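FYI, numbering that gives the first Met the number 0 numbers position 290 of the sequence shown as 289, with every residue one higher than the one before it. A virtual CB, placed ideally from N, CA and C, is assigned to each residue, including glycine. Model, not experiment: these values are computed from the prediction. Below you'll find the structure, written out as structure tokens, and then a few comments.
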Amino acid sequence: MTQVFNLTNRRGLDVSFIAQGGIITAIRTPDRDGRLANVVLGLPDPAEYRHDRIHMGAVCGRYANRIGGSRFELDGNVHRLSPTQGTSSVHGGAMGFDKADWHVAVESHRSAVLRHVSPDGDEGYPGTLTVEMRYALDEDGTLRIAYTASTDKPTLVNLTNHSYFNLAGEGSGDVLGHRLTLHAERYTPSDEILIPTGEIAWVSGTPFDFRQPTALGVRIREAHPQMIAGHGYDVNYVIDRAAPGIVPAAFVEEPGSGRTLAIETTEPGIQFYSGNGLDGTIRGTGGMLYRQSDGFCLEPHKYPDSPNHPGFPSAVLRPGETYRSETTYRFGVDR
Numbered sequence: 000m001t002q003v004f005n006l007t008n009r010r011g012l013d014v015s016f017i018a019q020g021g022i023i024t025a026i027r028t029p030d031r032d033g034r035l036a037n038v039v040l041g042l043p044d045p046a047e048y049r050h051d052r053i054h055m056g057a058v059c060g061r062y063a064n065r066i067g068g069s070r071f072e073l074d075g076n077v078h079r080l081s082p083t084q085g086t087s088s089v090h091g092g093a094m095g096f097d098k099a100d101w102h103v104a105v106e107s108h109r110s111a112v113l114r115h116v117s118p119d120g121d122e123g124y125p126g127t128l129t130v131e132m133r134y135a136l137d138e139d140g141t142l143r144i145a146y147t148a149s150t151d152k153p154t155l156v157n158l159t160n161h162s163y164f165n166l167a168g169e170g171s172g173d174v175l176g177h178r179l180t181l182h183a184e185r186y187t188p189s190d191e192i193l194i195p196t197g198e199i200a201w202v203s204g205t206p207f208d209f210r211q212p213t214a215l216g217v218r219i220r221e222a223h224p225q226m227i228a229g230h231g232y233d234v235n236y237v238i239d240r241a242a243p244g245i246v247p248a249a250f251v252e253e254p255g256s257g258r259t260l261a262i263e264t265t266e267p268g269i270q271f272y273s274g275n276g277l278d279g280t281i282r283g284t285g286g287m288l289y290r291q292s293d294g295f296c297l298e299p300h301k302y303p304d305s306p307n308h309p310g311f312p313s314a315v316l317r318p319g320e321t322y323r324s325e326t327t328y329r330f331g332v333d334r
């Protein structure tokens, strides 16, 4: 039987996860009336995540998001990866970190450390990568996820959590009425297979402009080529940043329940995905079938396909260096 670990704080925030992929299976948080609900999509039986192909709640790696052509060059050597979506390698390959069994050490009722060693050549990536991830709940209603990693050969590392959120409650229907604010004036346009072109463009005048609070469904059917290619939003945003460190990236509010979610991160980009691949074939935690836009993802990380675009933030990690990344998810209510 798959063991489920639970973290909780005095504010009523409760997080459940399993060792496989460090998958977050549930986040329970109160609405404006104090009623608890699970606000992430998941599967009824934790054992079912072995067959999940949409990365629900998982840590994605070694390289989250897409690498075009399933290849990259590092120090003059070409490395070929496992293609998982056409010619692209997505979220670390067929047996990425979401399929790995992490070693879990529970520190307290509010925190746990998960560790994983990815061997040299894993899914085509060079070097033995040693990764540590910490889940911690603060008393103000924040889930903090911190990653560190080291390697014995030059390699790539780019980690993120892939939870699908629905602040009205898992299985409650679509999220198109949620209001999203993104702290991003620019985004990375992509081609017909969702690989970045290398350009960094302004969101102004596009359906990707969420600088002001905007319902997710307002522009989701606009016939922009990138919306057509992604069947909705599947867009990397360049987070506004004046200095290094952790900065605001996104804010979401759900009018019916009053629940809110604020995301801050040390990462340069955040992928907004509107759950376009949910097709009614997955039965969720509460027994309902998940359909398109029944959940959304906000994934802080390096830009997609960064290794193949010299102008993008580097995802290279070398021996003697330490990869560090931190993202916070603060749950609250708008009264």
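Anticipated Cβ contact below 8 Å, F295 with Y186, distance rounded: Within the sequence shown, numbered from 1, the residue matching residue 295 stands at position 296. Within the sequence shown, numbered from 1, the residue matching residue 186 stands at position 187. About 16 Å separates the two Cβ atoms, so there is no contact after all.
In whole angstroms, give me the CA-to-CA distance for H177 and P45. The sequence position of residue 177 within the sequence shown is 178, counting from 1. The sequence position of residue 45 within the sequence shown is 46, counting from 1. It is roughly 28 Å from the alpha-carbon of H177 to the alpha-carbon of P45.
Which of the three DSSP states, helix, strand or coil, is assigned to Q225? Here residue 225 is taken as the residue at index 226 of the sequence shown, counted from 1. Three-state result, Q225: helix.
Taking only heavy atoms of the ligand NAP into account, decide whether any of them is closer than 7 Å to the Cβ of Y272. For the ligand NAP, the structure offers nothing, since it holds no ligand at all.
Tell me, to the nearest whole angstrom, how far the beta carbon of E122 is from that of G92; I am working on the premise that it is less than 8 Å. Along the sequence shown, one-based indexing puts residue 122 at 123. Along the sequence shown, one-based indexing puts residue 92 at 93. Correct: roughly 3 Å between the Cβ atoms.
Quick check: the segment 184–199 against the segment 216–235, are at least 3 beta-carbon pairs closer than 8 Å? Flag = yes, the segment 216–235 and the segment 184–199 touch.
Select from T1, S110, F311 and V112 the residue whose C-alpha is nearest the C-alpha of D198. For the purposes of this step, residue 198 is identified with residue 199 of the sequence shown, where counting begins at 1. The amino acid at residue 198 is misidentified as Asp; the sequence shows Glu. Nearest of T1, S110, F311 and V112 to E198, Cα basis: F311.
Hey, quick one: how far does the beta strand (DSSP E) through D139 stretch, first residue to last? For the purposes of this step, residue 139 is identified with residue 140 of the sequence shown, where counting begins at 1. Element bounds for D139: n/a, residue is neither H nor E.
I need the boundaries of the beta strand (DSSP E) containing T180, first residue and last residue. Translated into positions along the sequence shown, residue 180 becomes position 181. R178 to L181 is the extent of the beta strand (DSSP E) around T180.
Measuring CA to CA, which of I281, E298, R317 and P254 is closest to R52? Looking up residue 52 in the sequence shown gives position 53. Checking every option, the nearest Cα to that of R52 belongs to I281.
In angstroms, rounded to a whole number, what distance separates the CA positions of H78 and S69? As a position in the sequence shown, residue 78 is number 79, starting the count at 1. As a position in the sequence shown, residue 69 is number 70, starting the count at 1. Looking at the two C-alpha atoms, the distance is approximately 8 Å.
For the candidate residues Q270, L142 and V246, whose alpha-carbon lies nearest to that of E263? For this step, residue 263 is matched to residue 264 along the sequence shown. Checked all of Q270, L142 and V246; the closest Cα to E263 is V246.
Does the segment 98–105 come close enough to the segment 13–28 to have 3 or more Cβ pairs within less than 8 Å? yes
Please say whether L166 and V234 have beta carbons closer to each other than 8 Å? Residue 234 sits at position 235 when you count from the first residue of the sequence shown. Residue 166 sits at position 167 when you count from the first residue of the sequence shown. Remark: C-beta atoms of V234 and L166 do not approach each other more closely than 8 Å.
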